[in-house]
Ligand SMILES: [Zn+2]
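Numbering (this note's numbering), first residue to last: 452 to 658.
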């Protein structure tokens, strides 16, 4: 007769047979957690979080809104085991607020861009003519760069953003008066968009 413990042993499941259940969710079921930074109580694995965090570090913030929350996330840093790349503040040249999303044409926050666009097309979201829009002026800096802005300080911020020149001289800025909607549109299309479409964030206009 075989010893009793040998009979018992036959009925025990090998330890390995339970593991596949835990592996049903990639990264391991026990790794699941609720992300506090993405709305909707999103549950994701630590491995999934790490992948998303690493993609967010490489992504261009201007094109990747869905990874915005992951970009400087401290949980992502722990799960991925790397430090977040610092995100430079994106200050709108017009309202001077930090835009955590993207700057249209690398200059304006979405709100300021929309107000200017309404002025250009002559109607707002309600279909009426925008009347509270503060007029924009055309400026010329050093006889070489045309910019549009509400006042000289804004115009200098635009010149600074486009050229990277931090030692601009306000006396070199000439105000040519109020810009018409079509002039605003032309400036945006002919100067801002070609400049902002360049892949580099560095200034690319020489003055
Ligand atoms: Zn703004």
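Beta carbons are placed, not taken as given, at the ideal position from N, Cα and C, and that holds for glycine.
Secondary structure of residue 520, DSSP reduced to three states: helix
Exposure of residue 473, with buried meaning 16 or more beta-carbon neighbours within 10 Å: With a pLDDT of 36 at residue 473, under the threshold of 50, the modelled position of this residue cannot be trusted; read the value that follows with caution. So residue 473 ends up on the exposed side.
Identity of the residue in 585, 587, 586, 566 nearest residue 412 by Cα: Residue 412 falls outside the range modelled here, since the chain spans only 452 to 658, and no answer is possible.
Length of the line joining the Cα atoms of residue 640 and residue 502: 37 Å
Alpha carbon of residue 595 to alpha carbon of residue 605, nearest angstrom: 17 Å
Three-state class that DSSP yields for residue 624 in the structure shown: strand
Which of helix, strand or coil DSSP assigns to residue 555: strand
DSSP state of residue 482 mapped onto helix, strand, coil: helix
Rounded separation between residue 638 and residue 534 - CA only: 40 Å
Residue 590 - containing beta strand (DSSP E), residue span: 588-592
Under the three-state DSSP convention, the category residue 544 falls into: coil
Any non-hydrogen atom of ligand 1 within 8 Å of residue 605 CB: no
Residue 573 - DSSP class collapsed to helix/strand/coil: coil
Of the listed residues 498, 497, 518, nearest to residue 663 (C-alpha basis): Examination of residue 663 is not possible in this model, given that the chain is present from 452 through 658 alone.
Collapsed DSSP secondary structure at residue 505 in the structure displayed: helix
Residue from 619, 497, 560 whose Cα sits closest to the Cα of residue 532: 497
Chain-order list of residues whose beta-carbon lies under 7 Å from that of residue 632 (same chain, five-residue window excluded): 570, 571, 573
Through-space distance from residue 590 to residue 623, alpha-carbon basis: 10 Å
Same chain, Cβ closer than 6 Å to residue 657, five either side skipped, listed in chain order: none
Alpha helix (DSSP H) segment containing residue 526, residue limits: 525-531
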